[in-house]
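Below you'll find the structure, written out as structure tokens, and then a few comments.
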Amino acid sequence: MMSKAEGIVIRTTDYGETNKIVTLYTKEFGKIGLMARGAKKPKNQLSAVSQVLFYGLCLFRKGRGLGVLYQAEPLNSFRSIREDIEKMGHAALILELTDRLTDERRPSQAYYHLLRDTLLLMEKGTDPAVLSSMYALKMMPLAGIDPVLNRCIHCGNKKDHYLFSISEGGFLCMDCAKFDEYALVMSRAVQKLLPLIRTVPINRLGKVSLKAKTIGEIGSIIYAYYEQNAGIKLRSRRFIEQLSKFNQMND
Ligand SMILES: [Zn+2]
Numbered sequence: 053m054m055s056k057a058e059g060i061v062i063r064t065t066d067y068g069e070t071n072k073i074v075t076l077y078t079k080e081f082g083k084i085g086l087m088a089r090g091a092k093k094p095k096n097q098l099s100a101v102s103q104v105l106f107y108g109l110c111l112f113r114k115g116r117g118l119g120v121l122y123q124a125e126p127l128n129s130f131r132s133i134r135e136d137i138e139k140m141g142h143a144a145l146i147l148e149l150t151d152r153l154t155d156e157r158r159p160s161q162a163y164y165h166l167l168r169d170t171l172l173l174m175e176k177g178t179d180p181a182v183l184s185s186m187y188a189l190k191m192m193p194l195a196g197i198d199p200v201l202n203r204c205i206h207c208g209n210k211k212d213h214y215l216f217s218i219s220e221g222g223f224l225c226m227d228c229a230k231f232d233e234y235a236l237v238m239s240r241a242v243q244k245l246l247p248l249i250r251t252v253p254i255n256r257l258g259k260v261s262l263k264a265k266t267i268g269e270i271g272s273i274i275y276a277y278y279e280q281n282a283g284i285k286l287r288s289r290r291f292i293e294q295l296s297k298f299n300q301m302n303d
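Heads up, the sequence shown is in the working numbering, so the first residue is 53 and it goes up one at a time.
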């Protein structure tokens with residue numbers, strides 16, 4: 053029986069001389085793998101859908117393991133993302149994180165919409181670094197590592213100044229600083245932004261613009277948190293770091 057799904061390609065793998073295996077995150081079925089026969093041939097009708105970041109409607113036959121992709125119709129080409137190396141770097145990070153944190157055939161409308169809306173906002177011009185950090189923070193529950201961001205994780209006190217403790221799992225007040233000698237110092241801006249970023253829906257973000265330093269600080273905390281508490285080190289993160297070093301050199 054044929055199935056139809058709205059989805060975004062999060063990974064592709066070459067298979068044999070002419071085929072590709074396409075991994076999609078879909079609204080209806082969660083993450084699925086589909087065989088795209090002939091997709092490596094340039095003029096094949098499946099060559100467009102077999103690129104990461106393809107977003108559209110797919111027609112396929114579900115199998116016990118891998119399904120077979122028959123047809124796809126794009127809904128947005130994400131052209132402005134594809135044409136910008138910095139946006140593409142952040143989009144790659146978002147897709148890699150989605151792939152690492154989602155399970156096959158476990159659908160979630162909420163997480164699907166989060167992925168789709170994040171990419172649509174990036175396409176429309178919202179700061180890609182802000183979006184990828186927001187996305188990473190909002191995906192933490194899927195990794196089982198949601199940090200405490202509104203009180204001291206140790207004594208529960210609500211103070212106006214905190215450190216960030218990766219090993220304790222969130223904010224740590226100054227009185228409890230002794231419990232983690234490696235706790236990170238946060239600027240006031242970051243202390244206010246972290247809980248906000250987690251609760252505000254991504255499409256209410258508008259054209260938010262943060263200082264590069266602030267968003268850099270937020271990114272360092274989030275990715276160190278993933279690495280130490282979930283063992284997830286993202287390949288795309290290194291690319292973004294190199295790119296930002298390169299940009300600083302050329303400023
Ligand atoms: Zn405390």
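All C-beta atoms, glycine included, are put in the ideal place defined by N, C-alpha and C. The structure displayed is predicted, hence computed values, not measured ones.
**Beta-carbon spacing of D169, I254 below 8 Å** = yes
**Beta-carbon proximity list for S99, same chain, < 6 Å, skipping 5 on both sides** = Cβ within range, chain order: A91.
**Prompt:** Would the beta-carbon of D227 be found less than 7 Å away from any heavy atom of ligand 3?
**Reply:** Ligand 3 is not part of this structure, which contains only ligand 1.
**Prompt:** How is Y164 classed by DSSP in three states: helix, strand or coil?
**Reply:** Y164 falls in the helix class under three-state DSSP.
**Item:** Exposure label - K230; buried when at least 16 CB within 10 Å
**Value:** exposed
**Prompt:** Can you give the Cα-Cα distance for T266 and M238, rounded to whole angstroms?
**Reply:** Whole-angstrom Cα-Cα distance: 10 Å.
**Asked** What do you reckon, are the CB atoms on I146 and S184 nearer than 8 Å?
**Response** A distance below 8 Å separates the beta carbons of I146 and S184.
**Asked** Cα-Cα, which of D227, I133, E293, R256 is closest to S272?
**Response** Nearest C-alpha to S272: E293.
**Prompt:** Can you tell me whether DSSP reads A57 as helix, strand or coil?
**Reply:** DSSP, reduced to helix, strand and coil, places A57 within a strand of the structure shown.
**Asked** Which ranges would you report for the beta strand (DSSP E) in the stretch 82–157 if only whole runs of at least 3 residues count?
**Response** Correct list: 82–88, 107–113, 119–128.
**Request:** Identify which residue in G268, E279, Y277 has its Cα closest to the Cα of Q300.
**Result:** It is G268 whose Cα lies nearest to the Cα of Q300.
**Closer than 7 Å: N209 CB and nearest ligand 1 heavy atom** = For ligand 1, at least one heavy atom lies less than 7 Å from the Cβ of N209.
**Request:** Could you say which of S132, G108, I205, A162 lies nearest to L121 if we only look at CA atoms?
**Result:** G108
**Reduced DSSP secondary structure (H/G/I, E/B, other) of L224** = strand
**Message:** Looking at ligand 1, does it come within less than 7 Å of H206, judged from the CB to the closest heavy atom?
**Reply:** yes
**Prompt:** How many whole angstroms separate the CB atoms of H142 and M174, which I take to be in contact at a CB cut-off of 8 Å?
**Reply:** 7 Å
**Message:** Quick check on DSSP: helix, strand or coil for N302?
**Reply:** coil
**Asked** Is any heavy atom in ligand 1 found nearer than 7 Å to the beta carbon of L215?
**Response** Annotation for L215 indicates a beta carbon at 7 Å or more from all heavy atoms of ligand 1.
**Item:** Segment limits, beta strand (DSSP E) that includes N255
**Value:** For N255, there is no enclosing beta strand (DSSP E), as DSSP marks it with neither H nor E.
**Item:** Environment of L111 [buried if 16+ CB atoms lie within 10 Å]
**Value:** exposed
**Asked** Looking only at C-alpha atoms, which of N96, G196, K83, C204 sits nearest to G119?
**Response** K83
**Request:** Using only alpha-carbon positions, find the residue among E135, K56, I270 that is nearest to V222.
**Result:** Checking the displayed sequence, the identity of residue 222 turns out to be Gly instead of Val. Nearest option by C-alpha distance: I270.
**Message:** Just to confirm the assignment, what range does the alpha helix (DSSP H) spanning K190 have?
**Reply:** For K190, the enclosing alpha helix (DSSP H) begins and ends at 180–190.
**Asked** What whole-angstrom Cβ distance do R240 and L189 have, given they're in contact under 8 Å?
**Response** Not quite, the Cβ-Cβ distance comes to about 18 Å (not below 8 Å), so this is no contact.
**Prompt:** Looking only at C-alpha atoms, which of E58, V252, L215, I274 sits nearest to M226?
**Reply:** L215
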